[in-house]
Structures are given as structure tokens and as C-alpha cells.
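Enquirer: Take a look at the following structure, please.
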Amino acid sequence: MGDHSDGIPAGSDAVAKAGLHDVEKFQDPGLPPHRLRLADTDPWAAKRAERQVAILFGISVVGTLLFFFGYFFIRLDDTIGTLRIQNMLLGLGTAFAMLGIGTGIVHWARALMPDHEVSEERHELRSEADRVAAEKIVGDIIEETGIKRRPLIRNTLLGAVALAPFPAIVMFRDLGPLPADALRHTMWDKGTRLVRDPTGTPIRASDVTLGSAFHVIPDGLNNLHEGKLEEKAKAVVLLMRLDPSLLNPSKGREDWSYNGIVAYSKICTHVGCPVALYEQQTHHLLCPCHQSTFDLTQECKVIFGPAKRPLPQLPIAVDSEGYLVAQSDFHEPVGPSFWERG
Amino acid sequence: MSAATESTYTPATATGRITNFVDQRVGGSGILREFGRKVFPDHWSFMFGEVALYTFVILLLSGTFLTFFFDPSMAESTYNGSYVPLKGVDMSVAMNSTLNISFDVRGGLFMRQVHHWSALLFTASIAVHMLRVFFTGAFRKPRELNWVVGGVLLILSLADGFTGYSLPDDLLSGNGLRIIQGVISSIPVIGTYISFFLFGGEFPGTAIIGRLYVLHILLVPAMILLMIAIHLFMVVVHKHTQYPGPGRNDRNVVGYPLGPVYAAKAGGFFFIIFGVIALMAAFFTINPIWNYGPYDPSPISAGTQPDWYIGWVDGALRLMPGWLLGIPLEWNIPLPWGVNTLSLNVLLPALVPAGIVFTVLFAYPWIERWVTKDDREHHVLDRPRNAPTRTAIGMAGFTFYCVLWAAASSDLIATHFHVSLNDVIYWLRALFFIGPIIAFTVTKRIALALQRKDREIALHGRETGRIVRLPHGEYQEVHAQLDDYKRYKLVGYESPEPSDGVPNGNGVVTKQERRRAMISRLFFEDRVAPATPAELEAAHAHAPVHEQIEEPERLKEVSH
Amino acid sequence: MKALSQRRRHPLAAVALLLMGLMLTGGLYAVATTVNKAKADTTYSADDAHEGGKLFVANCATCHGMGASGSPDGPSLVGVGAAAVDFQVGTGRMPMQLQGPQAQQKPKQFNDEQTRQLAAYVASLGAGPAVPEEKYLDGQGDAANGGVLFRVNCAMCHNAAAAGGALTRGKFAPALAGVANSHVYEAMITGPQNMPVFNDANITPEGKRDIITFLDTIEANGSPGGADLGSLGPVSEGLFIWIAGLGVVIAFTIWLTSRTS
Chain G
0 MGDHSDGIPA
10 GSDAVAKAGL
20 HDVEKFQDPG
30 LPPHRLRLAD
40 TDPWAAKRAE
50 RQVAILFGIS
60 VVGTLLFFFG
70 YFFIRLDDTI
80 GTLRIQNMLL
90 GLGTAFAMLG
100 IGTGIVHWAR
110 ALMPDHEVSE
120 ERHELRSEAD
130 RVAAEKIVGD
140 IIEETGIKRR
150 PLIRNTLLGA
160 VALAPFPAIV
170 MFRDLGPLPA
180 DALRHTMWDK
190 GTRLVRDPTG
200 TPIRASDVTL
210 GSAFHVIPDG
220 LNNLHEGKLE
230 EKAKAVVLLM
240 RLDPSLLNPS
250 KGREDWSYNG
260 IVAYSKICTH
270 VGCPVALYEQ
280 QTHHLLCPCH
290 QSTFDLTQEC
300 KVIFGPAKRP
310 LPQLPIAVDS
320 EGYLVAQSDF
330 HEPVGPSFWE
340 RG
Chain W
0 MSAATESTYT
10 PATATGRITN
20 FVDQRVGGSG
30 ILREFGRKVF
40 PDHWSFMFGE
50 VALYTFVILL
60 LSGTFLTFFF
70 DPSMAESTYN
80 GSYVPLKGVD
90 MSVAMNSTLN
100 ISFDVRGGLF
110 MRQVHHWSAL
120 LFTASIAVHM
130 LRVFFTGAFR
140 KPRELNWVVG
150 GVLLILSLAD
160 GFTGYSLPDD
170 LLSGNGLRII
180 QGVISSIPVI
190 GTYISFFLFG
200 GEFPGTAIIG
210 RLYVLHILLV
220 PAMILLMIAI
230 HLFMVVVHKH
240 TQYPGPGRND
250 RNVVGYPLGP
260 VYAAKAGGFF
270 FIIFGVIALM
280 AAFFTINPIW
290 NYGPYDPSPI
300 SAGTQPDWYI
310 GWVDGALRLM
320 PGWLLGIPLE
330 WNIPLPWGVN
340 TLSLNVLLPA
350 LVPAGIVFTV
360 LFAYPWIERW
370 VTKDDREHHV
380 LDRPRNAPTR
390 TAIGMAGFTF
400 YCVLWAAASS
410 DLIATHFHVS
420 LNDVIYWLRA
430 LFFIGPIIAF
440 TVTKRIALAL
450 QRKDREIALH
460 GRETGRIVRL
470 PHGEYQEVHA
480 QLDDYKRYKL
490 VGYESPEPSD
500 GVPNGNGVVT
510 KQERRRAMIS
520 RLFFEDRVAP
530 ATPAELEAAH
540 AHAPVHEQIE
550 EPERLKEVSH
Chain F
0 MKALSQRRRH
10 PLAAVALLLM
20 GLMLTGGLYA
30 VATTVNKAKA
40 DTTYSADDAH
50 EGGKLFVANC
60 ATCHGMGASG
70 SPDGPSLVGV
80 GAAAVDFQVG
90 TGRMPMQLQG
100 PQAQQKPKQF
110 NDEQTRQLAA
120 YVASLGAGPA
130 VPEEKYLDGQ
140 GDAANGGVLF
150 RVNCAMCHNA
160 AAAGGALTRG
170 KFAPALAGVA
180 NSHVYEAMIT
190 GPQNMPVFND
200 ANITPEGKRD
210 IITFLDTIEA
220 NGSPGGADLG
230 SLGPVSEGLF
240 IWIAGLGVVI
250 AFTIWLTSRT
260 S
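Protein chains in written order, with numbering that gives the first Met the number 0: chain G, 0 to 341; chain W, 0 to 559; chain F, 0 to 260.
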């Protein structure tokens, strides 16, 4: 960056000299001479432009008619084709109607309206006298209120005004309930069956063959009348089976899986998208939103991407009928981190 | 504006009678007299503000139509409309009514597409308008405040865009809300509470769509309208800027009078914008919610991204690693009352890039003012090449945005260019830091090179491509000299020089002042000065034949 | 509902009712029986397997080993079933051109008869998923139910509009437009490459039929709003507005502010 192509030494005092250099500057030659258009001199060209404008307005009329045709004469049936054609005709009709008017007016302005450039003086935004007067008025007003002389009034007013908006903030309190421990619990409990999403049918351990991935919800979720989506947003689980020798359970988690079948929360520990992409050969789980990658063979430890915590594991077992059930709720809150999570 | 209660003026024409009627009641003639022939400079790059204004009008029109059919309720319902692949599927009323607008209201799909395309064009034209204002220096005194108003408008448009994107309650927007909820949760101390209050309880709840709807159709558009009013008022007060050229200076404004030419063009342009959007809505699908299906916390679609103007924040979320060299970026902090969690891996990318961009954006007019110590009013614009450092800063910011938006599309880049998703992220992490620096350097070099080219042309004319042989056998290319008007366009600009630290009253150059001088050097040290008449004369003074040949080295010596 | 009651007396109503009844009983029957019963009626002759064996030795054994017992370059094929062969060979993924993150689809190198023979050979090595029955591939199932299943089980990789998506380290889930119904079915039951297996206990054959119906429907329908811009969502929409949208707008602004001759 050090080359000074015009040989000016850096840091010369040009700012101070600004304005003195006018002799060294090119003089403004003023506006270039006006050039006449064809339509200004040739009546035939003007006539032609006039006709062109009229044709453009005519196209607009045709466009509006096309819109009516599309609206009234295309019968929508259950197929997508008719809708596509109607949408196209309405759009095309509107486009012609609008572009016809728009280009017509612009062509009219360009070709036929006077095109002499005009120079207008800029006025000063303010005058010195105005400013002095304004300052004086403001000063007088302040003086007449006496606010400077009566600090008691000023201070109590400031206090009152500072406090007054708080009710408006407090009013938002009833927008929703307090979090309490809602984020720490899910529908999962000891003995809750793992059922398929969305049908709600229970899953036998033998159904889950090697390489399978089941999208799972807790039994009874579909019967909820209220708060179904809220519970689902915490409880969804991905069930996979891999060779038991690939699992490396840490201490205390040895019996959380069943014959290589493992269940992990599907809610990303980053910002909560469903981590639903299971690569059955690499045993990686990938979140499609922000590409956090979790390794199933390391208890869903984060191996890439923005998440920090591993996905919570749901301890599972098999009940007397051979169906998969949860041993308990998750042992930690699922989903994105929050301040109180701890 | 006469205050007389009785008018002695008798209008002759119908137009005159209407004018007279209005004038006697509200005094409109004065306004018309002031504005009817007001001069507006004409340049294609001045039109983007109008594009934004017009798309906003189209948004109001199409949006109003959509509100007649849209029901922002999150109550459960079963879809029973015309679209077969979703028949009998449970979904919220909001999604259901959006599908009905698309498939069972004639022209509803068209209006939805018009609305969404307009929204994209609205934000895009605001962005381009601001880039134009930035690159041409139109934000300088006295327009700094209007630049700030424009920045506020940009933020409001993003807010309106995002709230609107979330309304249909489809799978894509629902997952977008889920991400927002996750980001809000990461805010220390109050995050969980904000999330619970915003969503009316746990995510997703049944309140959020209705609340966003009120923001989307009432509060935010009202604020946009207010800001537009202030923005336009200030444009009128300041009068429009103009590009440098013969006959244009800081004391005048050259252009076409509002009536009829400028008004006709601007009015016609509204119809053109409407027509272009209608064309897009006719032929190109946007936001096909029928593909995404209703929101459900379990499914997700590959390629889940927000609209382009929110994309950069999503991109930042994607680039931020959760672990950096084995160090986690989320901490559990033991505090006297218990352990609290701080997720910097979410908080930093959500706040820092946007924070940097908007801080620099809002502060830039004052930054440049402080560096240049320039307190004059500027109504003549800079050509971007004549303010190389500013242009380079702008391009660095633009590149920063592009890198982040590319990061938000990392999965699509991976599939479409057959590269590894992970490699794309690694590259973009690097570009996040070096991309803006490269852009800065390259842009500054290009701008300086263009300035030098301008000097060449101003002094020696344009290359004609005609080769002549001189009597002594030498071959030369004939250069065509510019006329005065064209030359003035190339030489009539200001080129600030770096200024040293100025001592204060006590004769001390303060630390801050020294810092300012340093930045001033960074801005202007490798400046290219405009050609001067003396230089032109010197160029001509050489033998007439030599005049046509380039000899930059010798000219440099002559120049100062 | 109103429309339904009006059409109740339609002459075809009885036929429709009969069909619905049949489908319902068939469906119930299918639900009652369990895992992997979508065995095809297609039985292979010993001759098929013999011919297939010869093809295998000539074309596949280099990687998959003699007797398909596997080698460092390719997995064992014992027990993968005829469906896996029909999918991998029928879509041209096998024989593989070069080792990479995953086998790519390319023009198939064996004709249908040869593919059948190869499938017969591999099926003879050990029990595995068979080539699906025609009745699950007819695309006449419930598209809406298929859509629900597709979104839960498939959309996260293949995109909600089946436009494909990225996996880790260069792998990807392909777009599903133009893929034969039988191959879609076979992919679900065999889990090729990194795709998980969706056995019949996970998604019933009827469910798979519905998914295929859904895919057929959205592919045949196209987008009601016009060109779908690749069904890639907001990124392609954003690029479109910046390049095409603003491009056209800029062209108009230049025309508008230029002077006529």
C-alpha cells in the first residue's frame, strides 16, 4: 500500500490549504449544451412515439382482460395443473396491465415531455439569525419554567417519569407462565412404551433390525388434548440399533441400551432442531439446520459443528410383552441450553 | 398562502376551480408551488429507494388481501381442501387457512407469491439503496440522520420479513421459530423467561403466531410508515444529492422538474415494479408451504434456511464451533445460588456479527467525519473510485455478509458442487476472517487503478486504436482528447490528503488525535490526486506527437 | 363432506365402496401380519442363480470376494437379499466406478435380465429382503399418509420436496425425482450406503406404498406456483431475487433514466 503513484508525500497539509487550490483545479465548464431528441425536431418521430405510447396502454388493457379470463374461465379442479395455469394467467395479466401502463408513461415522459435539465439553487438549511433566535426561545422557555431554579420539582419529575414506564413492562408478565421446572421433565417415565411417530404403535425390540432408525414418541402422546406439540417438542427420540460391540457406554450407562438398541433425544443441544439424519454406516447423527454432528459410538458426543453437549440418552429396556419401554425420564434437560440449566 | 377569508381570485378552468377549492381550505397551492417544479437529479442508481417504497405499497396491498382470508390461530384442525397430498392431515388453523388461500381462493396463490416476492425485493432494494448511499458518500453532512433513519428502516424491514415468514406455521417456518427459541434461551439470566413469555409457555405453544401476526400487520408496518414519512421529509428538506459532473456543485441541484417529467417517470416506475413482481409471481414458486407440510416438532426438511435477509445470522450460527481446540464454548458457571449455563456457542454468533455490522453501519458517518475533520455540507456525490478506502470498507462489509449467507447455504453448496459439507464449513470459517480483508485490499487496489486510468484519460485522451507511423519511423497510437465536459467529470472531485495530528489548545497532540491521524493515513495515504490544468498543459506542452503517448513516470514529476 | 353426500348416488359409488372395503381388509390383514412379509412372488430358477453366479465372478468378485464373502474393498453380500442387488445394480451404483464417499448413481451396466440373474445369485447365498411385489409399487396408495410418513422418516435427508440434501463429509441423500418406484421401495428395506433400514416393522409395506404414492404425486403435480427453483427453499429464492429480480429492475431503471436519441 506504500506506493504514491502521483508522488505526493504522505501527510502533507492539504486540508489546511483546501480552497486555496482553486487555481490548480479545472474550472467547471457548466452544463453541457442541450441535445435535441429526434421527437423534438421531427414531427413524424413524435407522432410515432405517440403511437407507441398508445400501443403500450393498449397492451395494458389486453393484460387486464387476460386477468379476467384467467379468473373467470379457468375452472379450478383438484389437479395442480389448472391452478398453475390460472396463477400464470393472473400473473401474466397483471404483469401486462402494469408494465403496459408503466412503460407507456415512462416512454411518454422520455420521448415527448420536455427533457431540459434544470438547475436549481440549494437554499441554506438554516440561517444564523434563525439559530440565534431559536436558541434564545429555548433558553427563555427553560427560564420561564424555572426548572433550573426549583430542583425539587425537577428531581421529583425525573423520578416519576423514570418509574412510570415500569408498569408497561410488568404488564408483559402474564404473556406466559414462569418456566418453573418445565424444561427439566418430559413425558418419558419408567415403563412408558416407545411408540412410532406418528402412528403411536409400540415397538418390539425384535422389530429394530441392525441399521434401522425409528422415529419415536412416548406412548400416550397422541391422546393428549392439550399441550401435545409442547410435549412432543421435548420427547421425540431417535431409536437405532447397531452392533453392541460398537457402543462404548460410560460408567452407569451400561444398561441404558438393549442389545445394541439405543435411544437418543432428537432435539439438538444447539438450538433445538430435530437431529434426525442418521448415517447407519458411520453411526453419525447430523443436524440439518446447523450441521452439528454427533457420534453414536461415543454416546452422541459432538464431533463437528456448533453444538457443545452430547444428545441426552433415554435409558430403555424391554417389558414383559417384548416391547421397548423407557427406564426413566431423561437424566438431564433436553434441547438447547438455558441459563438455569446448570 | 393568503390568509384572506374571501377570495378575489376567480379561476378560469376546471383544474383551477379544484385547486382553488382545496387551496381555500387547506392552502395546497403553496405546497404545489414549492414542489410542483422541484428538481430531482436523474440516475439509475437513485431509483432503489423508490423500488423499496413501491414494493412496500405492493406489500400493503397484497397483505391486506391476504389478511381477509388468513386466520392466525394455532388451534388444531384437519385439512380438507383441494390439495390432495395433505388431505386429512392435522395442522394448525393458520396453516390450514394459508393452504386455502393457496388452493381454494382464486388468485390467492398469486397474491401470496406477490406478497412474498415483494418482501424479498423490498429488503433487497433497501440493501442496494443503502449500498448506493454508502458507496457514493451520500450519508455525509447534512444527511447523517437520514442515514440512521434508513438503517432503522432496514432493521424494521427485517423484523417484518421474519414475522411474516413465520406466520403460515409450516414446517420450515416452525423450525425457524424453534431456532429463534433456542437462541433466546441462551440469553443469560432472562433468556428462559423471555422465551416463556414470548411463546406463552413452552415452545411452540398456541400463542406465538397470533402475537407475531399483530406485530407483522400492525406494529411493525406502522413504524415503517412513520420512518418512511420522516425519511422522505428529510429528502425534501435536503434536496437530492447528485453525481459530480459539469454544471453540478454543492450549491445547486441539476435534474428534471418534478412535474411533469420526474413525476411521470416515478409514477410509471411504480407500475413497472408491480409488473415485474407480477411476472415473478406468475412463473416462479415462492415459499411452497404445501411441500413443507404443517409444523410438527419431530420432522425437519433438509435445506432448512431462513429468507436471505436473516440468512447471515443463521450462517453465523453454523460457522461457530461448539468446541474450539478442545475447549468448550459453553460453560456451567458455579455461582453462590447454583450452577448457571452460559452458551457462548449460541450467543456469540447470534449477537456479534449483527452487532458489528449494525454498529459500523450506524456510526460510519461520524467515523468518517472524525477521520477527515470535514464539517462541510456535501451534495455532490463521490464516485466510488474516488473514495477508495470507503469503497473498500463497504466491499469488506458486503463480503462479510456474503460469507455468512453462503454459510447458511453450506449444505446446498456441498450438494451442488459435490464437495464435503465439513470442508465447506472449514473454508467459510477461514473466509469469515480473511474474506473481508481480501475484499478490502482488492477493492482499494481496483479503485486506485481506476482513478489512475481516469487521470490518464483526462490528461491524454482516449485510446482510439488507430496506429500512425511518424516520419522518423516510429509507430504511435492516436489518442482522442476529451472535451471539457467529459474531462471535468474525471477531474472534478475532491481528494482528501492524510492529515497529521493537530495539537490541542495546550500544544499537545493527544493520544486520540494521534490515533485519528493514523486512521487518516490509512484512509488517504495512497491517494491519487485529480489531474490539474497544469498537468494537462504539461502533457500538451510535449511535442504534439509525444502528447499522444503515455509517459506516466515523467508526468508524476511534473505534477507537483 | 357435502361433496361426498352429493356423489353418493353416483353409479360408480358401489364400485368405489367395494374397492375401499377391499383395501381396508387388505390393509388390516397386512397390519396383522408382521415383519418383512413383502416377499415377492418372483421365484428364481436354479438356472438364474447359476447365470448370476457367472456374472458375479466376472464383475463383482474383485471387491466383494469369491462367494460374495466380502473383502477389504467391499462388504459381504451374504444375506443382503435380492432387493439390495436390484437397487444397487438397477440404479447403476454397482459396479462402483471409483471409491468415494458414496456410490453414485450412473447409467446402469447390466440389463434387466442380467440384474435379475445377479439378484437370484445373491439371494441364493442367504435370506434377505426380496424384490418388492408389484402391488406396493402401483402408486395408488394414500398420498397424504405417505406425506406424513415421508416428512417424519425421509425429509430430513431427502428434503421435504424430495430434492435431496447433504450428509457429512461429502455424502449426500439424492433427489428422488425420476427414481423408479421399485428402487425407492428397495432402498427403504435395504438401507443402501448410509441410509438407515426401514424394515416392514418400522414402515409397513402399505406405508411404503403410501410414501411412493406421495412421491409420484408431487413429481407428477409439479409446483402450482410455476417453476420450483429446484425446491431448495429460501436460498434459491434469495439468489433469484438478487440476480434475476434486481437484474430486471436495474435494466428498467437504466432505461428509465437514459435519454432517448
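Glycine included, C-beta positions come from ideal geometry on N, C-alpha and C.
1) Contact criterion: CB-CB distance below 8 angstroms. Does W:A315 meet it with respect to chain F?
2) Buried or exposed: which applies to W:V213, given that a residue is buried once 16 or more other Cβ atoms fall within 10 Å of its Cβ?
3) Short of 6 angstroms in beta carbon distance, which residues of its chain neighbour W:P305, apart from the five on each side in sequence? Order them along the chain.
4) Can you tell me whether F:A31 is buried or exposed? The criterion is at least 16 other CB atoms within 10 Å of its CB, across all chains shown.
5) To which residues of the same chain is W:S185 closer than 6 angstroms at the C-beta, ignoring the five residues directly before and after it?
6) If we count the other Cβ atoms within 10 Å of its Cβ and call it buried at 16 or more, is F:S68 buried or exposed?
7) With a threshold of 16 other CB atoms inside 10 Å of the CB of W:M394, please say whether the residue is buried or exposed.
8) Going by Cα to Cα distance, which pick from W:L278, W:W146, W:W289 is closest to W:A362?
9) Can you confirm whether G:A108, when its beta carbon is compared against all beta carbons of chain W, has any partner nearer than 8 angstroms?
10) Express the C-alpha separation of W:K140 and W:R515 in angstroms, rounding to a whole number.
11) Alpha carbon to alpha carbon, how far is W:L318 from G:G101? Give it in angstroms, no decimals.
12) Exposed or buried, which one is G:I141 when buried takes at least 16 other CB atoms within 10 Å?
13) Within its chain, find whatever has a CB closer than 6 angstroms to the CB of W:Y484; leave out the 5 residues flanking it on each side and keep chain order.
14) Do you know offhand how far G:S244's Cα is from G:S256's?
15) Can you tell which of W:K264, W:Q23, W:L144, W:I208 has the C-alpha that lies nearest to the C-alpha of W:I229?
16) Could one say the Cβ of F:S181 lies closer than 8 angstroms to chain G's Cβ atoms, at least one of them?
17) Is the Cβ-Cβ distance between G:A316 and F:P195 less than 8 angstroms?
18) On the DSSP bridge list, what partners appear for W:I466?
19) Quick check on W:N99 - is its C-beta less than 8 angstroms from some C-beta in chain F?
20) Applying a beta-carbon distance threshold of less than 9 angstroms, which residues of chain F neighbour W:Y291?
21) For a contact defined as C-beta to C-beta under 7 angstroms, what are the partners of W:W365 on chain G?
22) When you compare the CB positions of F:V88 and F:F109, do they come within less than 8 angstroms of one another, or not?
23) Output the boundary residues of the beta strand (DSSP E) element that contains W:I332.
24) How about F:L245: is its C-beta nearer than 8 angstroms to some C-beta of chain G?
25) Helix or strand or just coil, what does DSSP make of G:G226?
26) Within the 8 angstroms Cβ cut-off, does F:K134 reach chain G?
27) Output the distance between the C-alpha atoms of W:Q480 and W:V38, rounded to the nearest integer angstrom.
28) Thinking C-alpha only, which one of G:Q290, G:I152, G:G29 is nearest W:I424?
29) Can you find a C-beta in chain G that's less than 8 angstroms from the C-beta of W:V490?
30) If you draw a straight line from the C-alpha of W:L489 to the C-alpha of F:E236, how long is it?
31) Under the three-state reduction of DSSP, which class applies to G:R240: helix, strand or coil?
32) Can you pull out the residues from the region 39 to 70 of chain G whose beta carbon lies closer than 9 angstroms to at least one beta carbon of chain F?
33) Counting only runs that start and end within the region 252 to 283 of chain W, where is the alpha helix (DSSP H) found for 4 or more residues in a row?
34) So W:M319 contacts chain G; which residues on that side make the cut at Cβ distance below 7 angstroms?
35) Please list, in chain order, the residues of the region 198 to 224 of chain F that have any C-beta partner in chain W closer than 7 angstroms.
36) Can you find a C-beta in chain W that's less than 8 angstroms from the C-beta of F:T90?
Expert: Reading off the structure:
1) no
2) exposed
3) Cβ neighbours of W:P305 within its own chain (closer than 6 angstroms, five residues either side excluded): G175, D313.
4) At F:A31, the pLDDT of 43 sits below 50, so the modelled position is not reliable; the number obtained from the coordinates is stated separately. Counting Cβ neighbours within 10 Å, F:A31 comes out exposed, since fewer than 16 surround it.
5) S342, V345, L346
6) Exposed is the call here.
7) buried
8) Checked all of W:L278, W:W146, W:W289; the closest Cα to W:A362 is W:W146.
9) Judged by the 8 angstroms Cβ criterion, G:A108 is in contact with chain W.
10) 19 angstroms
11) 45 angstroms
12) exposed
13) Same-chain partners within the cutoff: P245.
14) Roughly 12 angstroms between the two C-alpha positions.
15) Ranking the options by Cα distance to W:I229, first place goes to W:L144.
16) no
17) Against a cut-off of 8 angstroms, the Cβ pair of F:P195 and G:A316 comes out as no contact.
18) W:E476
19) no
20) Going along chain F in sequence order, the residues near W:Y291 (Cβ under 9 angstroms) are R150, A154, A159, A160, G232.
21) In chain order: nothing, as chain G lies at least about 18 angstroms away.
22) yes
23) 329 to 334
24) no
25) coil
26) no
27) 32 angstroms
28) G:Q290
29) Interface criterion met: the Cβ of W:V490 is under 8 angstroms from a Cβ in chain G.
30) 39 angstroms
31) strand
32) A48
33) 262 to 282
34) P305
35) For the region 198 to 224 of chain F, the set of positions with a beta-carbon nearer than 7 angstroms to some beta-carbon of chain W reads F213, T216, I217, S222, P223, G224 in chain order.
36) no
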